[in-house]
Amino acid sequence: MLELESDATRRSARQSAPDRGFAIWLTGLSGAGKSTLAQALAERLRSAGAKVEILDGDVVRENLSQGLGFSREDRDTNIRRIAFVTKLLVRNGVVVIVAAISPYRAARDSARAEIGGFVEVHVDCPVPELTRRDTKGLYVRALAGELHGFTGISDPYEEPLAPEVVVHTDRESVDESVEKILAATGLPRA
214 MLELESDATR RSARQSAPDR GFAIWLTGLS GAGKSTLAQA LAERLRSAGA KVEILDGDVV
274 RENLSQGLGF SREDRDTNIR RIAFVTKLLV RNGVVVIVAA ISPYRAARDS ARAEIGGFVE
334 VHVDCPVPEL TRRDTKGLYV RALAGELHGF TGISDPYEEP LAPEVVVHTD RESVDESVEK
394 ILAATGLPRA
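Letter by letter, the sequence shown follows residues 214 to 403 in my numbering.
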C-alpha cells in the first residue's frame, strides 16, 4: 500500500525537478535505513538523469556541525544548517536526499517551509528490530539507561504526522522502499 499525502505533492515535486530540484527528506530512528535508502535512491535517480546530492546527517555533523552536541537546541541548529544547504542545492536544480534523524517535527516543518519542494519520508522501523540490527550495542546501552539522550529511547523522536511516504524497513526490501519513494516524487524510474 502506497501512503502518499496527495497527488498535488507529487505534481509539485515533479514539476519543480527540471528547473529547481526538490528535497527528499528521510527521517527516522538511528539504524532504520536512511543512509542505505539514500544511496539506493540516489543511484536510481542518477540513472534516470537527475542531478542528485546526498546530505547524510553523520557526514554533515563531521563537516558543518562540529562542536554541536545533542541537546534539542544543537539538534535544531544541525537541521537548520542541513535545510540551508539543501535550499541552495534545490534552487540550482539538484534533487537533494537528506538522511538525518531530525527528531523534532517543528524543525522538519521549518525545513519544509524554507526549502519549498519537499517530500518527507518516514523511515519506520520498530525498536526491537533496530536493537537486533545494532552492531555497536547502542540500543542495548540506551535501553539499560547507560546512554543518555539517545533518540527514540531517552530523547524523543516525534514521528511525522503527515509524511508523503512511509517506508517500513523491517518488512520491505530496499528496492520496495525506493519504488514507493520514487512513486511519490513522480519522477521517471529507470
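Using N, Cα and C, we set each Cβ at its ideal position, and we do this for glycine too.
In DSSP terms, what residue i is bridged to
| i | result |
| --- | --- |
| V378 | V334 |
| E266 | V309 |
| T364 | D368 |
Endpoints, beta strand (DSSP E) assigned at residue i
| i | result |
| --- | --- |
| T240 | F235 to T240 |
Under the three-state DSSP convention, the category residue i falls into
| i | result |
| --- | --- |
| T348 | coil |
| Q252 | helix |
| S323 | helix |
| S390 | helix |
| E216 | Note that E216 scores a pLDDT of 39, beneath 50, so its modelled location is shaky and nothing firm can be said. |
| I407 | In this structure the chain extends from 214 to 403, so residue 407 is not present and cannot be described. |
| S278 | coil |
Assumed close pair residue i, residue j - CB separation to whole angstroms, cut-off 8 Å
| i | j | result |
| --- | --- | --- |
| I237 | I394 | 6 Å |
| L239 | V336 | 5 Å |
| E392 | E333 | Not a contact, Cβ separation roughly 17 Å. |
| R233 | R325 | No, R233 and R325 are not in contact; Cβ-Cβ is about 15 Å, not under 8 Å. |
Element boundaries [alpha helix (DSSP H), containing residue i]
| i | result |
| --- | --- |
| E385 | Run containing E385: none; DSSP gives neither H nor E here. |
| A245 | That residue, A245, is in no alpha helix (DSSP H); it is neither H nor E in DSSP. |
| L302 | R285 to R304 |
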